[in-house]
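K.L.:
In this note's numbering, the protein residues as written are 256 to 541.
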């Protein structure tokens, strides 16, 4: 991370969505800074390969992994339980796993896939690890959101996209949910020594959003203008490690600077209602 003197020696970090893209870059850099890093991946072979690569690039052997499909609530709980069984501390939780789905899919829990993976996984994993984060304070929660939240709204009458589904509507709602969740989480964590921030990584050239159709073609055409995964990961790494980010909470960042959000992302009543609805959907109070 250019221009940072931050050391992560003695810090314990958990990164989701870290088998590729900005998640793998962030995990690698945090390991290079000295952290003990655990990554979460879904595919065993790909996850094992990512661990080997991160260890080699960071020259840090203290990199491990947990396997789990974070679209499934039971898997989120199991990943959290396995992490807690093996670790007495957690200083940074980087919620990064997410996807855009070209058609409406449902999870094993009967939830719409975009909302389940991009929001509820953040919500539930954080809730399951919150006691450990508090016990390790000062600690940081970093949630990867997106400027895709601009123009989006939380449709409480159709959270699951059953009445109307388009991929960008669902994705935008999930990224708005990330910001509202971060805002409410920061409010609830005031005074605990645990901060919560979110970020826009930029438009990054990764496999994300790839697939068929017009949008896939546009993504390929625009790839030369997109950020590299290294550039896209920079703000997440900065929020996780930099002394400059210490104590900052409830904010939305891009390029290491606090950024304005949409008006909808500042609505605390909606944030609190989303929290309550999310508790119902995961089947437990957070």
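Glycine residues also receive a C-beta, built at the ideal position from the N, C-alpha and C atoms.
Under the assumption that residue 385 contacts residue 338 (Cβ atoms under 8 Å), give the Cβ distance between them as a whole number of angstroms.
P.N.:
13 Å between Cβ atoms; not a contact.
K.L.:
Considering residue 329, what are the terminal residues of the alpha helix (DSSP H) in which it resides?
P.N.:
In the DSSP assignment, residue 329 falls within the unbroken alpha helix (DSSP H) covering 328-341.
K.L.:
I'd like the list of long-range same chain contacts for residue 437, defined as Cβ closer than 7 Å, with 5 residues on each side in sequence excluded.
P.N.:
398, 451, 452, 453, 505
K.L.:
Report the rounded CA-to-CA distance for residue 336 versus residue 507, giving the unit in angstroms.
P.N.:
Cα-Cα distance, rounded: 29 Å.
K.L.:
Tell me the DSSP bridge mates of residue 350?
P.N.:
398
K.L.:
Based on the DSSP output, what are the partners of residue 512 in its beta bridges?
P.N.:
509
K.L.:
Round the Cβ separation of residue 236 and residue 419 to the nearest angstrom and send it over; I've been treating them as touching at under 8 Å.
P.N.:
Nothing in the structure corresponds to residue 236, since the chain is present only between 256 and 541.
K.L.:
Quick check on the burial criterion: 16 or more other C-beta atoms within 10 angstroms. Buried or exposed for residue 501?
P.N.:
exposed
K.L.:
Spell out a yes or no on whether the segment 400-412 and the segment 291-299 are touching, meaning 3 or more CB-CB pairs, one atom from each, closer than 8 Å.
P.N.:
The segment 400-412, when compared against the segment 291-299, does not touch it at the 8 Å Cβ threshold.
K.L.:
If you run the structure through DSSP and keep just helix, strand and coil, what is residue 434?
P.N.:
helix
K.L.:
Is the number of C-beta pairs between the segment 520-540 and the segment 425-439 that are closer than 8 Å three or more?
P.N.:
Output reads yes: the segment 425-439 touches the segment 520-540.
K.L.:
Roughly how many whole angstroms lie between the Cα atoms of residue 317 and residue 292?
P.N.:
Each residue's alpha carbon lies about 6 Å from the other.
K.L.:
Thinking C-alpha only, which one of 290, 409, 534 is nearest residue 519?
P.N.:
409
K.L.:
Between the Cα of residue 275 and those of 328, 263, 343, 353, spot the shortest distance and give me the residue it belongs to.
P.N.:
353
K.L.:
Answer yes or no: do residue 414 and residue 370 have a C-beta to C-beta separation smaller than 8 Å?
P.N.:
At the C-beta level, residue 414 and residue 370 come within 8 Å of one another.
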